[in-house]
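Residues 40 to 416, numbered by my numbering, are exactly what the sequence shown covers, in order.
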Amino acid sequence: MKSIATISPALMKRDLRIDLFRGLALWWIYINHIPESYLNRFTPKNFGFSDAAEILVFLSGLASGCVYGDLLRRSGFAVASSRMARRSFEIYIAQMLTVVLLLAEVSYIAAWQPGMFDHANLAILLQQPAETLLQVALLRYSPVNLDPLLLMVILHFALILLVPLTIGAWPLVLTGSVALYVLAHLFDWYIPAYPRGQLYFNPLNWQLLFVIGIWWGANRGDWQLAILNSRALAVLAAGYVLFSFVITLGWQIHAIEDYVPGWLSQLIYPVDKTNLDILRLLHFAALALLCWRLLPSNASILKARALWPLIRCGEYSLAIYCASVLLSFAAHALLSMGWSSLAAQTLLTFVGLGLMSALAMSLAAIDRGVFPDLRPL
Numbered sequence: 040m041k042s043i044a045t046i047s048p049a050l051m052k053r054d055l056r057i058d059l060f061r062g063l064a065l066w067w068i069y070i071n072h073i074p075e076s077y078l079n080r081f082t083p084k085n086f087g088f089s090d091a092a093e094i095l096v097f098l099s100g101l102a103s104g105c106v107y108g109d110l111l112r113r114s115g116f117a118v119a120s121s122r123m124a125r126r127s128f129e130i131y132i133a134q135m136l137t138v139v140l141l142l143a144e145v146s147y148i149a150a151w152q153p154g155m156f157d158h159a160n161l162a163i164l165l166q167q168p169a170e171t172l173l174q175v176a177l178l179r180y181s182p183v184n185l186d187p188l189l190l191m192v193i194l195h196f197a198l199i200l201l202v203p204l205t206i207g208a209w210p211l212v213l214t215g216s217v218a219l220y221v222l223a224h225l226f227d228w229y230i231p232a233y234p235r236g237q238l239y240f241n242p243l244n245w246q247l248l249f250v251i252g253i254w255w256g257a258n259r260g261d262w263q264l265a266i267l268n269s270r271a272l273a274v275l276a277a278g279y280v281l282f283s284f285v286i287t288l289g290w291q292i293h294a295i296e297d298y299v300p301g302w303l304s305q306l307i308y309p310v311d312k313t314n315l316d317i318l319r320l321l322h323f324a325a326l327a328l329l330c331w332r333l334l335p336s337n338a339s340i341l342k343a344r345a346l347w348p349l350i351r352c353g354e355y356s357l358a359i360y361c362a363s364v365l366l367s368f369a370a371h372a373l374l375s376m377g378w379s380s381l382a383a384q385t386l387l388t389f390v391g392l393g394l395m396s397a398l399a400m401s402l403a404a405i406d407r408g409v410f411p412d413l414r415p416l
């Protein structure tokens, strides 16, 4: 019988599914970062336990496992570790630069809306600039909407250790990752944030999703087909996705929530995002299984022109995420000034998405010397 799913291609041939879903996640995150926009009611966070954050973290791990795993096998540890270190510092520098650019943007906007410093969590930077900048460099402080990028910096610095171990001793890595996740939940372990509290995305918990992605990408083989083509797993995944949909729909339609038994509510709430609640993790795993099962890597739709903007946004995810933070805050500021009609919300949202796509397509054109034709990389 012909397989429903196909194995992700090797390094020489880019898996466009990774870029497609990463691009979708970036679009959804941009929309979610504009609280005044009615369009954020139609993003995945309203229809299930997990949201776009899980997509970005998992796919980052998956892409790292594919690329650096293949590079390690082909060129050795020295070359692969050098590439991993360089990428980690690129994300680190992007985080620092975006903090500076966001400060400049908010400083300009504050001439009309002084409260924007507090909204952007930048007031502390004005009050104690030297100490706060040091904490930025130490990865303990982040302005609004830059928390996911801060998480990615921390996780990527662990790649030099994780990728070789995942290739050489993946049962040990997965066991250790699960153990850390469980212990962090049991004993409330976290990394302190500056000036108080903890990092919004607790790396001690979110590392599990990242490690699972590395494991899946670095050890590709026929065993993955057995998982993806399992009807029993597909039925379980679909059932859990449906369950999650009903529960989250009840958060918006209270008539549905009234039918949820009290014992079940006590069992599942709160569905914690900061510490990657197990319900979120399982929901994402179910969605990922269904998506990879139904959309093979050689699907012709992946080369459709209509998907170019999304795929290019996913391909240049670091630059696009940084740009989306600046664009979403500008849209929020404009809508907060009173331009909050449905037309204005729609216009500003789609202008931002258009600018993100234009930037991604421009970066692709610069990289290739010609406009992209979606040829395999």
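For each residue, glycine too, the CB sits at the ideal point set by N, CA and C.
Note that the structure is predicted; figures quoted are calculated from it, not measured.
Close Cβ partners of residue i (< 6 angstroms) along its chain, the five nearest in sequence each way excluded
i, result
"H322", "G87, F88, S89, S283"
"A64", "A91, I94, L95"
"V250", "S216"
"I405", "none"
"Y229", "Q237, N241"
"W378", "none"
Contact set for residue i: own chain, Cβ-Cβ below 7 angstroms, skip 5 residues either direction
i, result
"L198", "S103, Y107, M123, S127"
"W209", "W254, N258"
"Y360", "L65, L188"
"S120", "I199"
"L55", "L341, I350"
"Y220", "N244, L247"
"Y180", "T171, Q174, A232, Y233"
"A265", "none"
"M40", "Low confidence applies to M40: its pLDDT is 34, below 50, so where it sits in the model is not reliable, and the reading given next is rough at best. Nothing meets the Cβ criterion."
Own chain residues within Cβ distance below 8 angstroms of residue i, not counting five before or after
i, result
"V217", "L247"
"L204", "L211, V212"
"M191", "L95, V96, S99, I130"
"A427", "Since the first residue of the chain shown is 40 and the last is 416, residue 427 is not available in this structure."
"R407", "none"
"V280", "G87, H322, A325, L326, L329"
"L194", "V96, S99, G100, P242, W245, Q246, F249"
"S401", "none"
"V409", "Note that V409 has pLDDT 49, beneath the 50 cutoff, so the model's placement of it is unreliable and the number below is only indicative. Around V409: no qualifying Cβ."
Beta-carbon gap between residue i and residue j smaller than 8 angstroms
i, j, result
"M376", "Q152", "yes"
"P335", "A399", "no"
"I350", "G154", "no"
"Y239", "Q174", "no"
"G353", "D58", "yes"
"W331", "L381", "no"
"W302", "E296", "no"
"H72", "S356", "no"
"Q384", "L374", "yes"
"L142", "L164", "yes"
"V145", "A159", "yes"
"L201", "A223", "no"
"A150", "F156", "no"
"V364", "L185", "yes"
"T388", "A362", "no"
Residues sharing a beta bridge with residue i, DSSP
i, result
"P231", "Q237"
N- and C-terminal bounds of the alpha helix (DSSP H) containing residue i
i, result
"W67", "55-71"
"Y279", "270-291"
"F156", "155-158"
"T214", "198-226"
"I109", "Residue identity differs from the one stated: residue 109 is Asp in this sequence, not Ile. D109 -> alpha helix (DSSP H) spans 91-114."
"A382", "381-407"
"N244", "242-257"
"F368", "356-375"
"I163", "162-166"
"S304", "301-307"
"R332", "317-333"
"A265", "261-267"
Segment contact, 8 angstroms Cβ cut-off, at least three pairs: the region 299-313 with the region 75-82: no
The region 349-366 contacting the region 386-399, beta-carbon criterion three pairs below 8 angstroms: yes
Contact between the region 280-295 and the region 132-142 (3+ Cβ pairs under 8 angstroms): no
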